[in-house]
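Take a look at the structure set out below.
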Amino acid sequence: MATDDRVSTLRKKHGMILEDRKSLTLTGVKDVSGFDEQKVTLLTELGELTVKGSELRINDFSNDSGELSLEGCIDSLAYAEAKQAQGGFFSRIFK
Numbered sequence: 006m007a008t009d010d011r012v013s014t015l016r017k018k019h020g021m022i023l024e025d026r027k028s029l030t031l032t033g034v035k036d037v038s039g040f041d042e043q044k045v046t047l048l049t050e051l052g053e054l055t056v057k058g059s060e061l062r063i064n065d066f067s068n069d070s071g072e073l074s075l076e077g078c079i080d081s082l083a084y085a086e087a088k089q090a091q092g093g094f095f096s097r098i099f100k
């Protein structure tokens with residue numbers, strides 16, 4: 006059980022607040038993978054998160070605290086599992 010406590014303290018908590026499908030505030034964001042007016046793709050503590058909608062814009066992102074806020078017409082939020090590293094050059098050659 007001590008290992009579980011240590012892992013949870015190393016990882017930032019991930020949370021979200023969605024207000025009226027127009028304003029989204031997230032915590033536990035590691036990186037912004039890509040964004041445009043219809044889709045924002047984020048790497049979070051719990052995997053990849055894709056936000057789809059229209060007129061999406063990122064208002065603020067702090068890489069240090071992991072907080073991000075965005076606005077627009079939010080249609081969907083979808084998680085995908087974080088992709089594992091494919092290995093190095095030699096592991097791809099010697100499959």
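In the working numbering, the protein residues as written are 6 to 100. For glycine and all other residues, C-beta sits at the position ideal for the given N, C-alpha and C.
Notebook entry, point to check: Are the beta-carbon atoms of Gly-52 and Tyr-84 separated by less than 9 Å?
Noted result: Closer than 9 Å, so yes.
Check: Based on Cα-Cα distance, which residue from Glu-50, Gly-20 and Val-34 lies nearest to Phe-66?
Finding: Phe-66 has its Cα closest to that of Val-34, out of Glu-50, Gly-20 and Val-34.
Check: Mind checking whether Arg-62 and Gly-77 have CB atoms under 9 Å apart?
Finding: Yes, the Cβ-Cβ distance between Arg-62 and Gly-77 is below 9 Å.
Check: With distances taken from CA atoms, which of Val-45, Glu-42 and Thr-30 is nearest Gly-71?
Finding: Closest by alpha carbon: Thr-30.
Margin query: Taking a contact to mean a Cβ-Cβ separation below 9 Å, would you say Asn-64 touches Asp-36 in this structure?
Written below: No, Cβ-Cβ distance for Asn-64 and Asp-36 is not below 9 Å.
Note to self: What does the Cβ neighbour count give for Leu-23, buried or exposed, with the cut at 16 atoms within 10 Å?
What the structure shows: It counts as exposed.
Item checked: Sub-9 Å separation of Ser-81 and Thr-55 beta-carbons -> In contact: Ser-81 and Thr-55 (Cβ atoms closer than 9 Å).
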